[in-house]
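Here the structure comes first, spelled out in structure tokens, and everything after it is commentary.
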Amino acid sequence: MAFDYGDRTGYEPISDVDRKEFHEQGFLLLRNVLTEDHRAALEAAVDRVYEEEKAKGTTTKDGTLHLLGFLERDELFGELLTHPIAFPYMWGLAGWNIYTHHNHLDVTPPASEPEKPYWGWHQDGYRQNSDPETMDPNLPRPMFSLKVAYVLSDLSEKGRGATKVIPGSHLWNSLPRPTDLSVHNPDPEGTVEITANPGDAFIFDRRQWHSRSTNLSNITRKMLFVGYTYRWIRPLDELHPDKDGEWYRNRTPVQRQLLGEGTHTANYWGINWDGYIDDEIPLRKELKQRGLLNRNIPWLR
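Per our numbering, the sequence shown runs over residues -1 to 299.
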């Protein structure tokens, strides 16, 4: 299926204003990323996958689905890897030596009963928050990865299960945790619930302190998250695309890179065995041909 994004190619550089805001706030809310026909088609694909998973018994008791590694479940999902509006933020903020290591499809029905007290605030990355840690609490950890979240349902009002963030908290290595988690605790100071319209998207640094929220509405929350990291980092989710199948054959060279394809082990580090940069790495090659490499931006050198 083709959707009309005008002359957008996915290789339009992001603005200095957007880059500055992302580095300062740790996230960006992007309006009208999906055309309505594209959003509707993605929602239909999500509904199909949801029914398949429900039939297999993989949804929770209340009907919630958090499905890892969903990309190969539909042609439309594979195309999201290089979405013409969102993708420039991925290479613009993380560079050319990237791939998707973590992606999930979320369906959150309205809560059927009051939720027990919980503290859901966290940074993504698991051991990435410990292994590269320094003894200086004022020195932020590396970003390592970022995510784009596509909003398929109406999250324009609070209380619909949207993601909560604390702007600027990606530069904090810790967040004070309540001592008593058996009672409801207020959100940390500065919390923002990302209210968004169907078709919007938001991008966030994996270090951003964030939390899920309870869906107190009568609307089912539907989201698609695609994470990108460096090719020298191991995958978090398992993808098993049939490389002889139609879905994989339909992927472009850049999309295949983003799915983890590489020519040899050094290639994942961005080089050939002679130690020089491999200019044939698909995303680097594409950016170089378009004159989009920039020695003033380290990840775009």
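Glycine is no exception: its CB is placed at the ideal position from the N, C-alpha and C atoms.
Can you tell me the Cα-Cα spacing of residue i and residue j, whole angstroms?
i           : j           : result
residue 260 : residue 227 : 15 Å
residue 6   : residue 82  : 6 Å
residue 212 : residue 273 : 50 Å
residue 209 : residue 19  : 21 Å
residue 266 : residue 23  : 30 Å
residue 193 : residue 150 : 12 Å
residue 65  : residue 34  : 24 Å
residue 114 : residue 247 : 46 Å
residue 295 : residue 52  : 45 Å
residue 39  : residue 55  : 24 Å
residue 49  : residue 41  : 12 Å
residue 189 : residue 25  : 13 Å
residue 175 : residue 132 : 21 Å
residue 2   : residue 74  : 14 Å
residue 187 : residue 21  : 20 Å
residue 61  : residue 242 : 34 Å
Which residues share a DSSP beta bridge with residue i?
i           : result
residue 162 : 191 and 209
residue 58  : Note: residue 58 sits in no beta bridge, so no partner.
residue 104 : 64 and 221
residue 146 : 201 and 224
residue 153 : 194
Once you ignore the five residues that flank residue i on each side, which residues in its own chain have a CB closer than 7 Å to its CB?
i           : result
residue 101 : 67, 68, 69, 223, 224, 225 and 235
residue 283 : 277
residue 12  : 86, 87 and 90
residue 253 : 76, 79 and 80
residue 37  : 150, 196 and 197
residue 270 : 264 and 276
residue 140 : 130
residue 297 : 92 and 93
Taking the alpha carbon of residue i as the point to measure from, which residue in the options has its own alpha carbon closest?
i           : options              : result
residue 239 : 249, 232 and 118     : 249
residue 177 : 210, 116 and 232     : 116
residue 110 : 263, 58 and 206      : 58
residue 206 : 76, 99 and 119       : 119
residue 92  : 215, 17 and 171      : 17
residue 279 : 184, 262 and 79      : 262
residue 161 : 106, 88 and 127      : 106
residue 202 : 14, 167 and 128      : 167
residue 164 : 145, 121 and 179     : 121
residue 191 : 33, 183 and 155      : 155
residue 204 : 38, 229 and 127      : 127
residue 307 : 182, 285, 10 and 29  : An answer regarding residue 307 cannot be provided, because it is not within the stretch -1 to 299 covered by the chain.
residue 63  : 72, 73, 175 and 46   : 46
residue 281 : 74, 1 and 251        : 251
residue 124 : 133, 21, 185 and 233 : 233
residue 258 : 0, 237 and 243       : 237
residue 285 : 10, 72 and 0         : 10
Looking only at its own chain, which residues have a Cβ that is under 8 Å from the Cβ of residue i, when we skip the five neighbours before and after it?
i           : result
residue 152 : 158, 195, 196 and 217
residue 293 : 299
residue 44  : 103, 105, 150, 220 and 222
residue 145 : 100, 122, 201, 202, 204, 223, 224, 225 and 226
residue 135 : 171 and 172
How close, in whole Å, do the beta carbons of residue i and residue j come, if the pair is a contact with beta carbons under 8 Å?
i           : j           : result
residue 142 : residue 231 : 7 Å
residue 97  : residue 290 : Residue 97 to residue 290, Cβ: 18 Å. No contact.
residue 245 : residue 8   : Not quite, the Cβ-Cβ distance comes to about 19 Å (not below 8 Å), so this is no contact.
residue 138 : residue 169 : 5 Å
residue 215 : residue 108 : 6 Å
Between residue i and the rest of its own chain, which residues show a CB-CB distance below 6 Å, the 5 nearest in sequence each way excluded?
i           : result
residue 301 : Because the chain in this structure spans residues -1 to 299, residue 301 falls outside the shown range and cannot be described.
residue 229 : 95, 97 and 266
residue 27  : 200
Could one say the Cβ of residue i lies closer than 8 Å to chain C's Cβ atoms, at least one of them?
i           : result
residue 258 : Among the chains of the structure shown, chain C does not appear; only one protein chain is present.
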